[in-house]
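Novice: Respectively, the protein sequence lines represent chains A and B. Just so you know, we're using the UniProt record's numbering here: the first sequence kicks off at 1 and counts up by one. Just so you know, we're using the UniProt record's numbering here: the second sequence kicks off at 1 and counts up by one. Think of the CB as a built atom: it goes at the ideal place given N, C-alpha and C, for glycine as much as any other residue. After the structure tokens below, expect a handful of questions from me.
2 protein chains.
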Amino acid sequence: MANDNFNECPVTYTLDIINSRWRIFIINALLHDKQRNSELLKLLPNISQKVLTENLRFLEEKKIIRRVVYPVMPPKVEYELTELGESIRPLINQIYEWGTKYKSETQPEQ
Amino acid sequence: MANDNFNECPVTYTLDIINSRWRIFIINALLHDKQRNSELLKLLPNISQKVLTENLRFLEEKKIIRRVVYPVMPPKVEYELTELGESIRPLINQIYEWGTKYKSETQPEQ
DNA sequence: CTGGATCCTAGACGATACTG
DNA sequence: CAGTATCGTCTAGGATCCAG
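As structure tokens, then:
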């Protein structure tokens, strides 16, 4: 990682996506399967509708997810990962793995 | 990743560490070598002394870094990664790699 | 069902001055 | 040199109500 030009550093692009309380969890949910708005609300306990929408819009703009609207009544909207979004899987695995290690080393048994 | 219990989810532990504008960069700097306070200020352009200190204290409490004080005048303090801190390297590599991919796919050639 | 509109709070971050 | 002490700013996130 180059320390000289932060704005151009690849790390900055990734942090822009994952530095959020919810985005990793949203992406993870979509990694399992496409999800509707109401389903995400159930999968992500405690997230508010407003924050969910904000993050979905953000991830859509960043080309991580795709918003699929069905012209029916009542409304039906599905969110799914783009190919670029799918490519984040190894990163999430790494985040999960290090968290497991961290937990086991700082909270030994019980 | 279990979606049922967020507070116990390993992902949460990792996000707790990296969800910050500066922490990943601080850890990355220490991944190269131990650093003094003034050196970190140079390596991390635009970070303020206050924010640097706050994050160093945080990382120390989380057992990611070690603060080494030399009883000399003028004061000399060095920060270095613990073994747990070193173990974060693959994660940072992954963050770097995905950022590279993201940049190349969203900003093709120039 | 999806999600827009408001209002509010906490906490991260930034700028500056001062100290052993 | 390595901080501490203040004060100000900014924004993600939370809570609630309303609408097509």
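Looking at C-alpha atoms only, which residue of B/M73, B/I47, B/T53 is the closest neighbour of B/R67?
Specialist: To locate residue 67 of chain B, count along the second sequence from 1; it is residue 67. For the residues B/M73, B/I47, B/T53, the minimum Cα distance to B/R67 belongs to B/T53.
Novice: For A/Y13, which residues in the same chain have their Cβ closer than 8 Å to its Cβ, ignoring the five residues on either side in sequence?
Specialist: In the first sequence, counting from the first residue as 1, residue 13 of chain A sits at position 13. Same-chain partners within the cutoff: there are none.
Novice: Chain A partners of B/K101, CB-CB under 7 Å?
Specialist: For this step, residue 101 of chain B is matched to residue 101 along the second sequence. The contacting residues are S87.
Novice: Using a 10 Å radius around the Cβ and a threshold of 16 neighbouring Cβ atoms, would you call A/R23 buried or exposed?
Specialist: The sequence position of residue 23 of chain A within the first sequence is 23, counting from 1. Buried, by the Cβ-count rule.
Novice: Going by DSSP, what residues sit across from B/E80 in a beta bridge?
Specialist: Translated into the one-based positions of the second sequence, residue 80 of chain B becomes position 80. BP columns for B/E80 point to B/R66.
Novice: Using the three-state DSSP reduction, which class does A/Q49 fall into: helix, strand or coil?
Specialist: Against the first sequence, residue 49 of chain A aligns to sequence position 49. Three-state result, A/Q49: helix.
Novice: Assign B/R21 to one of three DSSP states: helix, strand, or coil.
Specialist: One-based indexing of the second sequence puts residue 21 of chain B at position 21. Three-state result, B/R21: coil.
Novice: CA-CA distance, B/P71 and B/F58?
Specialist: Against the second sequence, residue 71 of chain B aligns to sequence position 71. Against the second sequence, residue 58 of chain B aligns to sequence position 58. Cα to Cα, the separation comes out at about 23 Å.
Novice: May I have the straight-line CA-CA distance separating B/K42 from B/N28, to the nearest angstrom?
Specialist: As a position in the second sequence, residue 42 of chain B is number 42, starting the count at 1. As a position in the second sequence, residue 28 of chain B is number 28, starting the count at 1. For B/K42 and B/N28, the distance between alpha carbons rounds to 14 Å.
Novice: Within the chosen definition, does the region 74-90 of chain A reach the region 93-107 of chain B through at least 3 CB pairs nearer than 8 Å?
Specialist: Touching, yes.
Novice: So, does the CB of B/Q35 fall closer than 8 Å to a CB anywhere in chain A?
Specialist: Residue 35 of chain B sits at position 35 when you count from the first residue of the second sequence. Chain A, which has no Cβ nearer than 8 Å to the Cβ of B/Q35, makes this no.
Novice: Any Cβ of chain A within less than 8 Å of the Cβ of B/L91?
Specialist: Start at 1 with the first residue of the second sequence, and residue 91 of chain B comes out as number 91. With 8 Å as the cut-off, B/L91 counts as an interface residue toward chain A.
Novice: With a 10 Å radius around its C-beta and 16 neighbouring C-beta atoms as the bar for buried, classify B/A55 as buried or exposed.
Specialist: If you number the second sequence from 1, residue 55 of chain B lands on position 55. Reading off the sequence shown, one finds Asn at residue 55 of chain B, where the question assumed Ala. Label assigned to B/N55: buried.
Novice: Taking the alpha carbon of B/L81 as the point to measure from, which residue in B/L30, B/V69, B/T106, B/P45 has its own alpha carbon closest?
Specialist: Against the second sequence, residue 81 of chain B aligns to sequence position 81. Nearest option by C-alpha distance: B/L30.
Novice: Provide the residue span of the alpha helix (DSSP H) that contains A/K103, from first to last.
Specialist: Here residue 103 of chain A refers to the residue found at position 103 when the first sequence is read from its first residue. Run containing A/K103: 89-106, per the alpha helix (DSSP H) assignment.
Novice: So the alpha helix (DSSP H) A/L40 belongs to, where does it begin and stop?
Specialist: Indexing the first sequence from 1 puts residue 40 of chain A at position 40. Where A/L40 is concerned, the enclosing alpha helix (DSSP H) stretches over 37-43.
Novice: Within 8 Å of any Cβ in chain A, is that where the Cβ of B/Y96 sits?
Specialist: Here residue 96 of chain B refers to the residue found at position 96 when the second sequence is read from its first residue. So yes, B/Y96 belongs to the interface.
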